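Enquirer:
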Amino acid sequence: MTAGLRTRVLSGIQPSGAQVHIGNYLGAMKRFVELAKAGETIFCIVDLHALTSVFEGGKLREYTRSLAAAYLAIGLDPERVTLFRQSDVPEVCELSWYLSCQFPLGLLERAHSFKDAKAKGLQISAGRMYYPILMAADILLYKATHVPVGADQKQHLEMAREIAEKFNRAYGEIFPVPEPLIAEESGVIPGLDGRKMSKSYDNYIGLFEPAKAMRKKVMKIVTDSKELEDVKDPETCNIFALYKHFATLEEQQTLAERYRAGGMGYGHAKQELYEAIEREIAPLRERYESWMTKGEELEGILASGASKARSIAAQTMGEVRSVLGLGAGK
Ligand code: ADP
Ligand code: TRP
């Protein structure tokens, strides 16, 4: 980040599943908590985006609370971070409309998310197609300068940049052009089958699954069919790819040597992985479970986040409406 410049970091995750997984934790959440220690940060639980895939109100509300509890459990400090639900600040829908009037339709048709859904023959709602505009509105409404996202969101961020530039050219410098902070170093976390860990592939380890269930999943990680005595390669092994994120450097070296020496079965590596994950997650799981019983306190945190977010939103919308020529003007 550029030194000296006022920065405002913003990110969002959809509450679109019962639980976040280890891929979300390592690829996005953990990093956000680190960034949040350094400066002004806003974290938005994007329930309006989740409406493109969650069609039961009760579920959406539960997923939203679970995501908030997950962030608090892994160490997000609500005193320092504006943690809120997107739908509590409805101005984002209004701004989306204004941005959509600037946004070339062709760009939306080129979005990977849209093309993937189309290639799979899925029914695409207008909302799903509109998704990148709503994301741009999230970023611009709060005048974010930096947006940490996974590599899969690169294109969406490009769109947000483009729309900010276009709007500024037409109406004056209203929006900072947001810089992406892409997590290349953590890369894509593999799931049990070696593909990207994802809700949609059902190959994930839930971040707060009970220890026993988590161990069962670890034991299911797909490996090659080498025999116990064979020499093995940690660099191409799905177990080791996860182990790297939970073990110390020394532990990694020790296990890598055992892979290369032969005489170690994958079952052993899985047990080591399970223990390393459990060591890091157990205290977080306890905090998560405790937050899940404190519904009122949780809602209080989201409400106070929404009130901070709303005051930024009101200011931006005042400027935007004025330059667009809406209202009586000054
Ligand atoms: P999913 O693919 O399970 O639906 P999301 O799209 O909701 O996950 O992702 C939420 C955040 O977590 C995004 O910032 C995304 O980049 C990150 N993320 C998701 N899966 C992974 C993964 N396997 N490795 C690294 N980061 C991931
Ligand atoms: N589209 C993002 C995802 O699927 C979620 C998101 C919505 C977001 N609004 C955002 C991320 C604003 C960063 C900033 O992961």
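For what it's worth, my numbering labels the leading residue of the sequence shown as 107, then goes sequentially.
C-beta: ideal position from N, C-alpha, C; glycine also.
As the structure is a computational prediction, the values presented were derived from the model and not from experiment.
What residue from Thr113, Gly129, Arg112, Gly123 has the CA that sits closest to Ala348's CA?
Expert: Reading the sequence as shown, one finds Leu at residue 348 and not Ala. Among Thr113, Gly129, Arg112, Gly123, the Cα nearest to that of Leu348 belongs to Gly129.
Enquirer: Under 8 Å between C-beta atoms, does Glu392 make it to chain C?
Expert: The structure shown contains no chain C; it is built from a single protein chain.
Enquirer: May I ask which residues mark the beginning and end of the alpha helix (DSSP H) holding Ile151?
Expert: Per DSSP, Ile151 belongs to no alpha helix (DSSP H); it is in the beta strand (DSSP E), 147 to 151.
Enquirer: Would Gln125 pass as a contact of Phe346 if the rule is Cβ separation under 8 Å?
Expert: In this structure, Phe346 does not lie closer than 8 Å to Gln125 by Cβ.
Enquirer: Mind checking whether Tyr310 and Gly297 have CB atoms under 8 Å apart?
Expert: yes
Enquirer: Can we count Leu132 as close to the ligand ADP, meaning its CB is less than 7 Å from some heavy atom?
Expert: yes
Enquirer: I need the DSSP call for Pro389, collapsed to helix, strand or coil.
Expert: DSSP places Pro389 in the helix class (H, G or I) of the three-state scheme.
Enquirer: Would you tell me roughly how many angstroms separate the C-alpha atoms of Lys322 and Tyr372, rounded to the nearest one?
Expert: 14 Å
Enquirer: Taking the beta carbon of Trp203 as the centre, do at least 16 other beta carbons fall within 10 Å, making it buried, or is it exposed?
Expert: exposed
Enquirer: So the candidates are Glu357, Arg216, Ile245; which of them puts its Cα closest to the Cα of Cys199?
Expert: Ile245
Enquirer: Is DSSP giving Leu313 helix, strand or coil here?
Expert: Leu313: coil per DSSP, three-state reduction.
Enquirer: Per DSSP, Thr188 forms a beta bridge with which residues?
Expert: Ile148
Enquirer: Taking the straight line between their C-alpha atoms, what separation do you get for Glu268 and His374?
Expert: Going by the C-alpha atoms only, they are around 50 Å apart.
Enquirer: Can you confirm whether the stretch 274 to 282 touches the stretch 322 to 334 when touching is taken to mean that 3 or more C-beta pairs between the two stretches lie within less than 8 Å?
Expert: no
Enquirer: Do His262 and Met241 have their C-beta atoms closer together than 8 Å?
Expert: yes
Enquirer: What is the DSSP secondary structure of Ile383, counted as helix, strand or coil?
Expert: Ile383 falls in the helix class under three-state DSSP.
Enquirer: Spatial neighbours of Gly145 within its chain, please: C-beta separation below 6 Å, excluding the five flanking residues on both sides.
Expert: Thr113
Enquirer: For the alpha helix (DSSP H) holding Ile345, just list the boundary residues, first then last.
Expert: 344 to 352
Enquirer: So, at 6 Å on beta carbons, what are the nonlocal neighbours of Gly433 in its own chain, with the 5 sequence-adjacent residues on each side left out?
Expert: Closer than 6 Å at Cβ, skipping near neighbours: Arg427.
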